[in-house]
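Okay, so here's the structure we're looking at.
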Ligand SMILES: Cc1ncc(COP(=O)(O)O)c(C=O)c1O
Ligand SMILES: Cc1ncc(COP(=O)(O)O)c(C=O)c1O
Ligand code: FES
Ligand code: FES
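This is the structure in structure tokens:
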């Protein structure tokens, strides 16, 4: 395994697909026109953007005019939340979300709280799934927006967004879903889901970093987020990242074309991994629902050890993975998602997220299942927490 | 000239330099790590971003910690204005700007007006330059921010930002400058200018589209614009556009290394162009100050004709240029900049902006000087406005 | 992020383990914050002759534990008490800013283990 990296962090980002880069290249070289200009070079760039828009619309079952390009998932989330909040504040100032959203949703909402909005954070069940009934109960006079992610980035659980949207529609409440982790992993159909806004980000499905999209259902009241030029029908100003948008379009086309095959392959690997880890290592738990989860996500907590140490040791073995430990980020609290599903702080610290991608093979899983038990026991040998368990246990 | 395009619209955007793309390529292929991750692939991406930050800081004479990456000039402007306004609204709600700012400044300010802020738009002199004294007079109790662009994107005039910053500092007012058109054309030194915030955009100096930076002087009170992950020291959330940022870093390094040589070359071409047009065509004026302007900018108004028609005819001849005509954008009012320097609507409609770049040659200017008079007279022959002048005149 | 030296002390930590009947033992930190350090000292005639540790924490926490045990060995109690977290971090060729707090743990662990030793001595003397 010398030199080679086994990449198990596809939820963090994915490599850019060759076919995607190939489509981008003209727009990084000869086709450098500004899409807002009227001469041929500009019109070509404009056409390329419109083709990308068509592809995104098709992938989501949306209308072309409902797709807006952004600089990524974070901008899409910020725009959706702040844009809807400001545009609808005369109707009310109450927003509902869950405790396991990405920071790109939670932090804009915190900001809105500072500006006088009220936010209800609906807790999730121990399996990491929110109960639509609890969302319904949180609705009150003045609720203007519900934002629930389609799939969680840490524990991979898939949320009942369709049911929630149905409840919201009955009350005339706008619904946003952060589908950044879902697109390219599960089918995403905005009409079927019934949402008004949906965020996505290209680099999560083998597209380029720094480009995303926001689906805005026709008629949804929302302010622009970036003001300036007339790009994106006056709703998102700024010279377009043409190459990035072209890449997003190609990537989403590829991702949705091969979706079921891709998902089936990853799910098989994932199940092998989960079964292997649970059988080979003790004091371990799988985080998130066993079945209602993304095909490529496995998330474990190993008691008595700390996640950053685990990642570093895996890195030495050529394995790239992720953890919800606070030590990874140098902050004090471990992942809010792991805490929200009821893990103790010290258990949350010992978490490992493995997210698979098309480059992964059975051999990769075998290799992980070979080195992981060794690493876990080595770290446990060092751990003062394990010491007492061993003593107590034997 | 068959097939070849003569590109005279470098203020709209520039082609990506080969050396810049070369530095970007690893981050579009093998080096796909997410900079927030702790394994080697992520650390490499992080390092690349930090090198780019160093290069931007060096180019601007700023400290490394004062540079924040964004998705372009528009985001930088939006962040600077909204971020400062919201963070300082307890001190006051009055903002000063000029009438010739880019829409990326004017439209966020309009939005802030809707939220209860007050904005004074200081008019410019007929040469397109603002008088610092008039900015000073606009200051009142509660002025928290002054935003004046360093160089104008349409008429190329260079503004006395340094003098304005000095006035502002005496009163403890924060100063922002939109340097999107200035960087890569004239020296830009944040310490010498004395500004607190400065916006720039890579695609204006042979870097990629969709990436920019905001300089924030240490200690400047500003809110984040995008909330979410901890990227950019918690001030600009979102997975970084690594390849784009790397490209920005390389592009600004190249642009500042060769600046005086580059500027001298373009200025010579520009002067040849201006002299040629003014001598070969009648009923024409040069917009913006003859000398205090960007080395690559020439902006003319041809009476009795309309800009879009002019651009289309130039396009047929293989020339890409720009106009402040409203017809270019399909809106009703021609460029607010041309109106602000006192042009009549009908004159503003007949404007042509030529912005030069490193790919332009003397022959390109010769060619333009050859075809432009023909096109102008052809359009004038069609114009009912010209008809009456001819009759009256002769 | 981490220096070569930090990574070396992380991958090959010196002095991991326990000392039977140690003269001074202390555990500092809080599992909630993701870091606990347990330090064992063997002390003869006021000199630390052996040190071992167990740590639950990040790479920096493990590396600073390892380095701290190396540094105290052979030192007098007084000398060991002078060891600061900065000194431990410097001995590792530095730590990332957001990991400096992990080295504080090492300093605290040394001090707490010595205190444990001193209080045991005291109770021995009073008995
Ligand atoms: C669920 C979720 N939402 C939002 C984001 C933010 O997207 P981006 O990294 O493109 O800003 C991410 C990824 O980081 C994510 O996983
Ligand atoms: C002066 C000025 N400010 C801001 C912008 C916006 O920058 P961007 O196109 O990168 O969003 C531009 C260019 O369009 C500009 O010329
Ligand atoms: S032990 Fe948590 S950051 Fe070091
Ligand atoms: S004449 Fe048609 S848009 Fe101006």
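Residue numbers (the UniProt record's numbering), protein chains in the order written: chain A, 1 to 394; chain B, 1 to 394; chain C, 1 to 127. Built from N, CA and C at the ideal position, the CB exists for glycine as well. Remember, predicted model here, so these are calculated numbers, not experimental data.
Selection from the options that minimises the alpha carbon distance to residue i
i: residue 27 (chain A); options: A:171, A:39, A:46, A:11; result: A:46
i: residue 142 (chain B); options: B:62, B:79, B:120, B:176; result: B:120
i: residue 308 (chain B); options: A:19, A:7, A:37, A:10; result: A:37
i: residue 66 (chain B); options: B:272, B:190, B:227, B:116; result: B:190
i: residue 377 (chain B); options: B:343, B:292, B:283; result: B:283
i: residue 375 (chain A); options: A:320, A:384, A:305, A:270; result: A:305
i: residue 112 (chain A); options: A:231, A:80, A:139; result: A:80
i: residue 145 (chain A); options: A:74, A:129, A:177; result: A:177
i: residue 213 (chain B); options: B:379, B:383, B:251; result: B:251
i: residue 287 (chain B); options: B:281, B:279, B:298, B:280; result: B:298
i: residue 361 (chain B); options: B:270, B:53, B:257; result: B:270
i: residue 91 (chain A); options: A:117, A:98, A:103; result: A:117
i: residue 187 (chain B); options: B:74, B:325, B:327, B:61; result: B:61
Residue environment, residue i, which counts as buried when at least 16 other CB atoms sit within 10 Å
i: residue 70 (chain A); result: buried
i: residue 197 (chain A); result: buried
i: residue 290 (chain A); result: exposed
i: residue 261 (chain B); result: exposed
i: residue 315 (chain A); result: buried
i: residue 115 (chain A); result: exposed
i: residue 126 (chain C); result: exposed
i: residue 331 (chain B); result: exposed
i: residue 29 (chain B); result: exposed
i: residue 156 (chain A); result: buried
i: residue 88 (chain C); result: buried
i: residue 123 (chain C); result: exposed
i: residue 109 (chain C); result: buried
i: residue 1 (chain B); result: Confidence at residue 1 (chain B) is low in this model, with a pLDDT of 42, below 50, so the placement of that residue should be treated as unreliable; the coordinate-derived value is given next. Counting Cβ neighbours within 10 Å, residue 1 (chain B) comes out exposed, since fewer than 16 surround it.
i: residue 93 (chain B); result: buried
i: residue 170 (chain A); result: exposed
i: residue 107 (chain C); result: buried
Cut-off 8 Å between Cβ atoms - residues of its own chain near residue i, not counting five sequence neighbours on either side
i: residue 339 (chain B); result: 333, 345, 348
i: residue 49 (chain B); result: 35, 69, 240, 242, 245, 246
i: residue 57 (chain A); result: 63, 64, 66, 67
i: residue 4 (chain B); result: 318
i: residue 193 (chain B); result: 150, 161, 162, 165, 177
Cβ-Cβ separation, residue j to residue i (assumed contact under 8 Å), whole Å
i: residue 184 (chain B); j: residue 248 (chain B); result: So it is not a contact: roughly 11 Å between Cβ atoms.
i: residue 105 (chain B); j: residue 77 (chain B); result: 5 Å
i: residue 174 (chain B); j: residue 84 (chain B); result: 5 Å
i: residue 319 (chain A); j: residue 6 (chain A); result: 5 Å
i: residue 254 (chain A); j: residue 354 (chain A); result: The Cβ separation is near 23 Å, so there is no contact.
i: residue 367 (chain A); j: residue 16 (chain B); result: Wrong, their Cβ atoms sit about 40 Å apart, outside the cutoff.
i: residue 181 (chain A); j: residue 321 (chain A); result: Rounded, the Cβ-Cβ distance is 16 Å, inconsistent with contact.
i: residue 293 (chain B); j: residue 100 (chain B); result: Residue 293 (chain B) to residue 100 (chain B), Cβ: 13 Å. No contact.
Cβ shell of residue i (< 7 Å), same chain only, five flanking positions each side left out
i: residue 136 (chain A); result: 167
i: residue 394 (chain A); result: With a pLDDT of 45 at residue 394 (chain A), under the threshold of 50, the modelled position of that residue is not reliable, and the figure given next carries that caveat. There are no such residues.
i: residue 389 (chain B); result: 304
i: residue 364 (chain B); result: 6
i: residue 203 (chain B); result: 13, 14, 209
Proximal residues to residue i (C-beta, below 6 Å), its chain only, five neighbours per side dropped
i: residue 266 (chain B); result: 295, 296, 356
i: residue 112 (chain C); result: 26, 28
i: residue 17 (chain C); result: 52
i: residue 359 (chain A); result: none
Within-8 Å CB hit, residue i to chain E
i: residue 178 (chain B); result: Here chain E cannot be found, since the structure's protein chains are A, B and C.
(message) Using a Cβ-Cβ cutoff of 9 Å, what residues of the stretch 299-312 of chain A are near chain C? List them in chain order.
(response) 304, 305, 306, 307, 308, 309, 311, 312
(request) Can you give me, in chain order, the residues of the stretch 98-113 of chain A that have a beta carbon less than 7 Å from any beta carbon in chain C? (result) none
(message) For the stretch 323-340 of chain B, list every residue whose C-beta sits within 7 Å of some C-beta in chain A, in sequence order.
(response) For the stretch 323-340 of chain B, residues whose beta-carbon sits nearer than 7 Å to a beta-carbon of chain A comprise 328, 329.
(request) Compile a chain-ordered list of the residues in the stretch 123-157 of chain A whose CB is closer than 8 Å to at least one CB of chain C. (result) Per Cβ criterion, the list is empty.
(request) For the stretch 1-21 of chain A, enumerate the residues whose C-beta is nearer than 9 Å to any C-beta of chain B, in chain order. (result) 5, 7, 9, 12, 13, 14, 15, 16, 18, 21
(message) Output needed in chain order: residues of the stretch 186-215 of chain B with a Cβ under 8 Å from some Cβ in chain A.
(response) 201, 203, 208, 209, 210, 211
(request) Compile a chain-ordered list of the residues in the stretch 64-93 of chain C whose CB is closer than 7 Å to at least one CB of chain A. (result) none
(request) Anything in the stretch 355-387 of chain A with a Cβ closer than 9 Å to a Cβ of chain C? List those residues in chain order, please. (result) Cβ contacts with chain C come from 379, 381, 382, 383, 384, 385, 386, 387.
(message) Under 8 Å, CB to CB, which of the residues in the stretch 75-86 of chain B have a partner in chain A?
(response) 75, 77, 78
(message) Please identify, using Cβ separations under 7 Å, the residues of the stretch 16-48 of chain C that lie next to chain A, in order along the chain.
(response) Answer in chain order: 16, 27, 31, 32, 33, 34, 36, 38.
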